[in-house]
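Undergrad: The following block contains the structure, expressed as structure tokens.
Shown next as structure tokens:
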């Protein structure tokens, strides 16, 4: 099996030793329940680095009081088997107490302040979520002092929060954002897809289809409101409750100042008790016009 480490001091020492030998170390932080999306991050890390660390840690501080922390899938044996197949050098599976030595047994360590791109959308719907994300990622970066960390573009807002945290604390680590991995029908890979019933799974592709509809309206030159409506209506037509359907600035998540500039379409929808998110980058419309 892949070497498994649970002690923060030992993984810190091992990573530092590797870097002192001139080895470039990549880090993929995960909450486990690994799938093809995670595998693509590991593969990207392996292609860019000499050695790879993958952490598996279900972080309690980023779950709200009525969210799915207790039932979040934890298939540890399957996760370790996949990491073995991928040839990673270390699997890091710390306890809550190891990650938050000064917090309670539930990991309620003092959380850092977040602002800017952390506030709208997921930040508004899930208060405290991104404070928990920023807190745990900072802690993991301190424990695993890698050269680069790899994240998926599906969690676009999260990548902005992590970049902001890294800049704020001047942490010497490169943040690499990798493309979203999708099922054959376009549904973004997610650990939460396992919660879907067969009927819900069939309808869930509406998130991808809605983003495609919004992109088509965007490319046609329609205003933001029309493109957003195409996204929302696609979900609602298939019985999916839409938490938000928005087209915003890809760096700040603020409303677009330049209607011809690049944008990102963001969507979140609920199918039964399962909540899914997705996004699609939209090119600058002046570039679309030049290509046509």
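Residue numbers (this note's numbering): 142 to 433.
All C-beta atoms in this analysis are idealised placements derived from N, C-alpha and C, irrespective of residue type, glycine included.
Can you give me the C-alpha to C-alpha distance between residue 151 and residue 386, rounded to a whole angstrom?
TA: When rounded, the distance between both Cα atoms is 44 Å.
Undergrad: Under 7 Å Cβ to Cβ from residue 287, same chain only, skipping five residues before and after it: list those, please.
TA: For residue 287, where only same-chain residues beyond five positions count, the Cβ hits under 7 Å are 156, 166, 167, 168, 194 and 314.
Undergrad: Is it true that the segment 313-333 meets the segment 375-386, where meeting means three or more beta-carbon pairs spaced less than 8 Å apart?
TA: With the cut-off at 8 Å, the segment 313-333 and the segment 375-386 do not touch.
Undergrad: Assuming residue 422 and residue 400 make a contact with CB atoms under 8 Å, what is their CB distance in whole Å?
TA: The Cβ separation is near 16 Å, so there is no contact.
Undergrad: How is the beta strand (DSSP E) around residue 416 delimited, first residue to last?
TA: Taken as a continuous stretch (DSSP letters only), the beta strand (DSSP E) holding residue 416 covers 415-423.
Undergrad: Can you list, in chain order, the residues of its chain whose CB lies under 6 Å from that of residue 411, leaving out five sequence neighbours each side?
TA: 382, listed in sequence order.
Undergrad: Answer yes or no: does any C-beta atom of chain D fall closer than 8 Å to that of residue 406?
TA: The structure shown contains no chain D, having only a single protein chain.
Undergrad: Can you tell me whether residue 303 is buried or exposed? The criterion is at least 16 other CB atoms within 10 Å of its CB, across all chains shown.
TA: Buried.
Undergrad: Taking residue 239 and residue 149 to be in contact with their CB atoms under 8 Å, please state how far apart those CB atoms are, rounded to whole angstroms.
TA: Confirmed, Cβ separation roughly 5 Å.
Undergrad: With DSSP collapsed to three states, give me the class of residue 246.
TA: Note on residue 246: pLDDT 44, under 50, position unreliable in the model; no value is reported.
Undergrad: Quick one: using the 10 Å Cβ neighbour count with 16 as the cut-off for buried, is residue 310 buried or exposed?
TA: Burial call: exposed.
Undergrad: What does DSSP give as the partner residue(s) for residue 289 in the beta ladder?
TA: Beta-bridge pairing links residue 289 to 167 and 315.
Undergrad: Let me know if residue 264 comes out buried or exposed under the rule of 16 or more other beta-carbons within 10 Å of its beta-carbon.
TA: Answer is buried; the Cβ neighbour count reaches 16.
Undergrad: In terms of DSSP beta bridges, what is residue 410 paired with?
TA: Residue 410 pairs with 383 and 417.
Undergrad: Do residue 297 and residue 405 come within 8 Å of each other at the CB atom, strictly closer than that value?
TA: Contact flag set, yes.
Undergrad: Could you give the uninterrupted runs of the beta strand (DSSP E) lying entirely in the segment 224-283, keeping only those of 3 residues or more?
TA: Entirely contained in the segment 224-283, the beta strand (DSSP E) runs reaching 3 residues are, in chain order, 231-233.
Undergrad: What residue range does the alpha helix (DSSP H) around residue 365 cover?
TA: Element bounds for residue 365: 365-378.
Undergrad: With DSSP run on the structure shown, which of helix, strand or coil describes residue 199?
TA: Residue state, collapsed to three classes: coil.
Undergrad: Compute every distance between the C-beta of residue 234 and the non-hydrogen atoms of the ligand FMN, then say whether any falls below 7 Å.
TA: You won't find the ligand FMN in this model; it holds no ligand whatsoever.
Undergrad: Classify residue 348 as helix, strand or coil using the three-state DSSP reduction.
TA: Residue state, collapsed to three classes: helix.
Undergrad: Go ahead and pull the three-state DSSP assignment for residue 215.
TA: It is coil, neither helix nor strand.
Undergrad: Name the DSSP bridge partner or partners of residue 405?
TA: Its beta-bridge partners are 389 and 422.
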